[in-house]
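This report refers to the structure that appears directly beneath it.
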Ligand SMILES: NC(=O)c1ccc[n+]([C@@H]2O[C@H](COP(=O)([O-])OP(=O)(O)OC[C@H]3O[C@@H](n4cnc5c(N)ncnc54)[C@H](O)[C@@H]3O)[C@@H](O)[C@H]2O)c1
Ligand SMILES: [Zn+2]
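In the numbering used here, the protein residues as written are 7 to 350.
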């Protein structure tokens, strides 16, 4: 089969490789669409240590079942499916607690690190364990389904933050993840949804997708402005989807006493923490990691038209042109958000 292989850091080849051989508990998915994730782009130069070559990346994908293992039960050849980005163990302590996103030794599709290498979906076929498969509603296209994963990441954060009707919420960072958080906050019935980003194009998208106020992160007195917008108290909740010192601090200082801050961004490994502000104002700060059971809800929301991924779709391109698209994303070409690659 053809695959887009990261052969060495910053170097791809589109070439013939062995078709994956499935185990009894897996299906073979003929890939129809696979999204390039920011973590793939950051990983391709070696800086994250999570894409050690050679590896076929790709953990946001959809396709058609083309082979089934002996134990896959009711999954049929020809079914349209997507799958979780994470392969978690079923016999794990955390999984049994309902926290499969935190299970030990979980493996991410299309990731190659010191502990494991698992080829992903930038290929004609990918092997997928049955327990991470989800059927696609007929209204959801393969391309849309390849974007379920980041929406599910956003929904997982909401499920931890439990926003209430008419809550005021600040979303710091309106890239892929932040923009989906905004759409979901609107679905959840939040009141003021305040978007903060440095990129005016992203803020325009944020407004289109449900933000009631859009503020540039460079605005002098930004924090004061946010407090003013939220009854001089501060927002009920904040989400941070950048992952650096300054934006985490902004998220914390934007919420009212007793408010909550949900952290998704993780660009920095360590940051300074405004300890006294958090303690004396009784702020709840929580991390949100990956996805834990949100796929079916996201697929339903997409099928019902309540979540619209199309405005974030920048291009659909043949897999053979993947290297060029990776480079364009790596160069931070303006206006590019999500690029979906399609095997021919
Ligand atoms: N917790 C998880 O499970 C999870 C999953 C996926 C991604 N992430 C992380 O979430 C973060 C966002 O991911 P993404 O895919 O949306 O990335 P992205 O690059 O699409 O978005 C990041 C946004 O932050 C904005 N930004 C940068 N500096 C800023 C600043 N100082 N103030 C305001 N905005 C600023 C950028 O303009 C961009 O729009 C990353 O750190 C990523 O690693 C976490
Ligand atoms: Zn991803």
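Quick reminder that beta carbons are idealized off the backbone N, C-alpha and C, glycines included.
- Per DSSP, residue 290 lies in no alpha helix (DSSP H); the unbroken beta strand (DSSP E) holding it starts and ends at 290-293.
- Nearest to residue 79 by alpha-carbon distance, out of 160, 331 and 136, is 136.
- The beta carbon of residue 164 sits closer than 6 Å to the beta carbons of 190 from its chain, once the five residues preceding and following it are set aside; these are given in chain order.
- Taking a contact to require three or more Cβ pairs closer than 8 Å, the segment 160-178 and the segment 284-304 qualify as touching.
- Remark: C-beta atoms of residue 232 and residue 254 do not approach each other more closely than 8 Å.
- Contact check for residue 153 against residue 271 fails: the beta carbons are separated by 8 Å or more.
- With a cut-off of 7 Å, the C-beta of residue 294 is classified as distant from ligand 2, since no heavy atom of the ligand falls inside that distance.
- In the structure shown, the three-state DSSP call for residue 152 is coil.
- Taking 8 Å as the cut-off, the Cβ atoms of residue 329 and residue 345 do not count as close.
- Residue range 67-74 is occupied by the beta strand (DSSP E) that includes residue 73.
- Annotated three-state conformation of residue 326 is helix, per DSSP.
- Note on the segment 171-235: whole beta strand (DSSP E) runs with a minimum of 3 residues are 175-178, 199-203 and 219-222, in chain order.
- Closer than 7 Å to some heavy atom of ligand 1: that does not describe the Cβ of residue 337.
- Annotation for residue 32: 75, 78, 133, 134, 135 and 136 place their beta carbon closer than 8 Å to its own, counting only its chain and skipping 5 residues before and after.
- For residue 344, the enclosing beta strand (DSSP E) begins and ends at 344-348.
- In this structure, residue 169 lies away from residue 176, with their beta-carbon atoms at least 8 Å apart.
- Inclusion of residue 246 and residue 222 in the CB contact set at 8 Å is not warranted, their separation being larger than that value.
- Remark: the C-beta of residue 170 is outside contact range of ligand 2, defined as less than 7 Å to any heavy atom.
- Annotated as proximal: residue 62 and residue 9, with beta-carbon spacing under 8 Å.
- The Cβ-Cβ distance between residue 112 and residue 93 falls below 8 Å.
- With respect to the 8 Å criterion, residue 243 and residue 306 are not classified as neighbours on the basis of their beta carbons.
- Sequence-distant partners of residue 302 (beyond 5 residues in either direction) whose C-beta falls short of 6 Å from its own C-beta are missing from its chain.
- Where residue 242 is concerned, the enclosing beta strand (DSSP E) starts and stops at 241-246.
- Secondary structure of residue 315 (DSSP, three-state): coil.
- The alpha-carbon of residue 197 is positioned some 14 Å away from that of residue 213.
- Beta-bridge partners of residue 135 (DSSP): 32.
- The three-state secondary structure of residue 39, taken from DSSP, is strand.
- Per the coordinates, the alpha-carbon of residue 178 lies some 26 Å from the alpha-carbon of residue 55.
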